[in-house]
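Since the structure comes first, as structure tokens, the remarks are kept for the end.
Residue numbers (the numbering used here): 108 to 436.
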């Protein structure tokens with residue numbers, strides 16, 4: 108229940124009003140006894156008592172209901188379609204081992220997570236979802252405005268979350284698209300694809316065409332450098348080939364260029380010092396409006412009903428006071 112608590116203090120006036128009515132009843136009863144005499148006292152007083160009781164009750168209800176209406180009380184709740192003025196952003200994060208390369212400090216994956224969390228901190232009316240991928244794509248967090256939940260997940264994201272080896276960008280994009288499409292609304296939808304472009308299976312262009320058909324733009328974040336770097340395994344060890352040489356993972360930018368071109372997006376560089384600013388501006392530029400797929404609950408305003416009930420009680424009071432009752436002289 109909500110409303111103006113200050114107006115409710117007026118309800119205390121109901122007590123002196125009731126006392127005044129009671130005193131008027133006592134005075135009227137004495138007057139009737141004097142005018143009617145003892146032989147007609149019972150007949151007069153019974154009629155007077157009934158009229159007084161119902162008229163007093165109607166007036167008190169009129170007063171109480173009027174105060175409640177003045178207090179603008181509301182109770183009960185009804186669902187309202189939530190209106191969003193932000194952008195729906197899917198973070199598609201590559202968690203394959205190649206993202207552990209340190210050619211982008213401190214590593215590709217850690218920098219990607221840091222940029223994503225920075226964007227969450229700057230979010231304004233935007234909703235985010237997260238999909239991770241390696242040899243398979245997994246939608247892990249559906250569209251939400253709870254950025255803290257996403258930040259907590261990003262802190263723990265890594266190759267160990269998916270057991271399927273390899274890298275399949277197509278499946279990662281499909282998981283992100285599915286998350287965005289799960290909520291049907293008119294919001295602008297974009298995908299931030301954090302990956303080095305290496306894809307051992309799947310066809311990323313197929314997912315890009317699907318996104319284009321759904322008016323979803325993909326903005327690949329090129330995570331890596333052309334010179335590349337070795338893939339650490341921990342404890343000073345690195346991934347090696349059959350000859351024992353360290354495997355160097357390099358940025359596959361042509362793949363990212365095709366994905367962006369096919370979906371109407373643009374490629375950004377993970378090691379760009381202005382990347383976070385650019386992504387924030389991107390979200391602002393993409394900001395749309397529409398009716399969201401979620402609902403919020405609003406309190407039901409009771410002003411009109413209370414005021415109508417108060418007027419009905421006032422009409423009853425006037426009617427009782429103004430209409431002569433049967434068998435009343």
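Think of the CB as a built atom: it goes at the ideal place given N, C-alpha and C, for glycine as much as any other residue.
Predicted model, so just to flag it, every value in this text is computed and none were measured.
For residue 241, there is no enclosing alpha helix (DSSP H), as DSSP marks it with neither H nor E. Pairwise C-beta distances place the segment 272-289 in contact with the segment 242-261, as three or more of them are shorter than 8 angstroms. About 5 angstroms separates the beta carbons of residue 332 and residue 210, which is inside the 8 angstroms limit, making them a contact pair. Here the C-alpha atom of residue 229 lies approximately 10 angstroms from the C-alpha atom of residue 223. For the options 159, 416 and 170, the alpha carbon positioned closest to that of residue 124 is the one of 170.
Under the DSSP assignment, residue 281 falls in the alpha helix (DSSP H) whose first and last residues are 276-288. Across the structure, residue 225 and residue 248 are spaced so that their CA atoms are roughly 18 angstroms apart. A straight-line Cα-Cα distance of about 48 angstroms links residue 325 and residue 409.
Excluding residues up to 5 positions away in sequence, 277 lie with their Cβ nearer than 8 angstroms to the Cβ of residue 310 in the same chain.
In the three-state scheme derived from DSSP, where H, G and I count as helix and E and B as strand, residue 212 is classed as coil.
According to the DSSP secondary-structure assignment, residue 297 is paired through a beta bridge with 196 and 324. For residue 371, no alpha helix (DSSP H) run applies, since DSSP gives it neither H nor E. Note on residue 385: under 16 other CB atoms within 10 angstroms of its CB, so exposed under the neighbour-count rule.
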